[in-house]
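Q:
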Amino acid sequence: MDYSSIIKSNEYEFLKTNEHLGRHVILLGLAGSYSYGTNNENSDIDIRGVTLNRKSDLIGMTAFEQYVDSHTDTTVYAFNKMITLLLNCNPNTMELLGLNQEHYLYLNDFGKELIANTELFLSKRAIQSFGGYADAQLRRLQNALARDSYPQSEKEQHIFNSVKNAMYDFRRRYEKFENGGIHHLIHK
58 MDYSSIIKSN EYEFLKTNEH LGRHVILLGL AGSYSYGTNN ENSDIDIRGV TLNRKSDLIG
118 MTAFEQYVDS HTDTTVYAFN KMITLLLNCN PNTMELLGLN QEHYLYLNDF GKELIANTEL
178 FLSKRAIQSF GGYADAQLRR LQNALARDSY PQSEKEQHIF NSVKNAMYDF RRRYEKFENG
238 GIHHLIHK
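Residue numbers (the numbering used here): 58 to 245.
1) If you drop the 5 nearest sequence neighbours on each side, which residues of the same chain put their C-beta closer than 6 Å to that of residue 167?
2) Helix, strand or coil for residue 240? Go by DSSP, reduced to three states.
3) Using a Cβ-Cβ cutoff of less than 7 Å, which residues in the same chain neighbour residue 243 once the five nearest sequence positions on both sides are dropped?
4) Hey, out of 154, 179 and 175, whose CA is closest to residue 93's CA?
5) Between the Cα of residue 61 and the Cα atoms of 80, 104, 100 and 77, which residue gives the shortest distance?
6) Could you tell me the alpha carbon to alpha carbon distance between residue 160 and residue 119, rounded to whole angstroms?
7) Enumerate, from N- to C-terminal direction, the unbroken alpha helix (DSSP H) stretches of 4 or more residues contained entirely within the region 80-152.
8) Just verifying my parser: in three-state terms, what is the DSSP assignment at residue 78?
9) Starting from the C-beta of residue 134, find all residues in its chain whose C-beta is less than 6 Å away, skip the five residues before and the five after it, and write them out in chain order.
10) Compare the beta carbon distance of residue 162 and residue 85 with 9 Å and say whether it is the shorter of the two.
11) Give the DSSP-derived three-state secondary structure of residue 156 in the structure shown.
12) Grouping DSSP H, G and I as helix and E and B as strand, with all else coil, what is residue 195?
13) Could you have a look at residue 245 and say whether DSSP puts it in helix, strand or coil?
14) Give the secondary structure of residue 162 by DSSP, where H, G and I count as helix, E and B as strand, and everything else as coil.
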């Protein structure tokens, strides 16, 4: 199938007309189930991409991080934001660097260069990023199940475990409280 024809339809006209996109886009690809190879005939189309920052963004006169079109489930990240997300091994952006060739809807020389340097973004941070992502998805599933079919005692246990996990995460992230202030640890 020629997936690149998807972005030629009228509902994706914003890719050509938006001032931050258009000729600035360097990469567009199919994300979600397509990128993981789990798509089926009922799968929706998720498009993710990268666009170069404009000169005015780079010198601080304007600010642009991403463009989101909810109707088409499309997100196009500004290059600077994308690099930050990739350095943090963000699962939603890392997938763009390893798509099957046919899942790239648009790819110019800058986009090819980004993909050619994938190894620059792979680090041990991926363990935490992908592990945290998997944990969050599991909690979302457990929360959905807890609302629906668990007996009351299991719902209460689930809520207790969720609060306990949140408190553990809170203690891990925040050093201490003094006079109502929070000292946040930032790892670089």
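Glycine included, each C-beta is placed from N, C-alpha and C at the ideal position.
A: By the coordinates alone:
1) 83
2) Its pLDDT being 47, under 50, residue 240 is placed unreliably in this model, and the coordinates cannot settle the point.
3) Unreliable positioning characterises residue 243 in this predicted model, as indicated by a pLDDT of 47, which lies under 50. A coordinate reading is not provided.
4) 154
5) 104
6) 32 Å
7) 90-93, 112-115, 136-144 and 148-151
8) In the structure shown, residue 78 falls within a coil segment according to DSSP collapsed to helix, strand and coil.
9) Cβ contact annotation for residue 134 (same chain, cutoff 6 Å, sequence separation greater than five): 107 and 123, in chain order.
10) yes
11) Residue state for residue 156 is assigned as coil, using DSSP reduced to three classes.
12) helix
13) With a pLDDT of only 45 at residue 245, under 50, the local geometry of the prediction cannot be trusted, and the value read off the model is given with reservation. Here residue 245 sits in coil by DSSP.
14) strand
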